[in-house]
Every structure is written in C-alpha cells, then in structure tokens.
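In our numbering, the protein residues as written are 187 to 302. Here's the structure, in structure tokens; my notes come after.
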C-alpha cells in the first residue's frame, strides 16, 4: 500500500470535532470515487513522550490516508488538482482548517512471503 501522513496544526478557531467531520467528508468522497482505500481518525501528537524524537516539527495533529498504490494516489491528486467537484470543495474545506501542514508519503515494501 501507499500512504500519506499529514502533520498539521488546527487553524485558529477550528475544533477537533469540526476538522474530524470535514476529514470524514473528504474520505467519503474519495472512497466513493475509488481514489483512496481508507483514512485514519484524527490523532493528536504527544511530544512529551520519550518515544517522540522529532525535534524538527512542532505540528500537533496527524492523519493518514491509505491508497492501494502510488497510481491511485496520483489519480486522487489529479482529481484535486483539476478542481473536480465535489472533491475540490471538500478538500478546500479541510485545508482551510489547518495551518503549517507537512505531508510525507511512503510505500509498504513487499514481505518475503509476498515475493520481493
């Protein structure tokens, strides 16, 4: 699978619940269009844990979007970039609720039993 981690802070005046509802609306739209497999719930960073060693980032919230492969991810990006509705509208709503976003993508490596 191919994944995208979004790290961000909520924009001033935005609530976790408001973001979670907008995030789910975006997920529902992309799932219905067969452009993602699933998303995580909104997660809050716990930077005070000794396990958190990322001193380079200060964002407080995270989400993960899961794709079958990079081709599906690229198709989702193309839909958003082309301003295809309703995806562009729900994506813009999510983006308006965040500040300082950072996006990281990765792909699962095949395991030995899957035949590398």
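Glycine included, C-beta positions come from ideal geometry on N, C-alpha and C.
Worksheet item: Hey, how far is the Cα of residue 200 from the Cα of residue 254?
Response: 31 Å
Worksheet item: In terms of residue numbering, what span does the beta strand (DSSP E) encompassing residue 335 cover?
Response: Residue 335 is absent from the model: the chain starts at 187 and stops at 302.
Worksheet item: By Cβ distance, which residues of its chain are closer than 6 Å to residue 229, with the 5 residues on each side in sequence left out?
Response: Excluding residues within five positions, the ones whose Cβ falls inside 6 Å are 248.
Item to complete: For the alpha helix (DSSP H) holding residue 259, just list the boundary residues, first then last.
Response: Per DSSP, residue 259 belongs to the alpha helix (DSSP H) from 256-267.
Worksheet item: If you check the beta carbons only, do residue 273 and residue 195 fall under 9 Å apart?
Response: no
Item to complete: Please state if the CB of residue 259 and the CB of residue 190 are separated by a distance shorter than 9 Å.
Response: yes
Worksheet entry | Contacting residues, own chain, Cβ-Cβ under 8 Å from residue 232 (five flanking each side not counted) | Same-chain partners within the cutoff: 238.
Practice prompt. Following the continuous beta strand (DSSP E) through residue 191, name the residue where it begins and the one where it ends.
Written response: 188-196
Worksheet item: If residue 250 sits next to residue 226, beta carbons under 8 Å apart, how far is it from one beta carbon to the other, in whole angstroms?
Response: 4 Å
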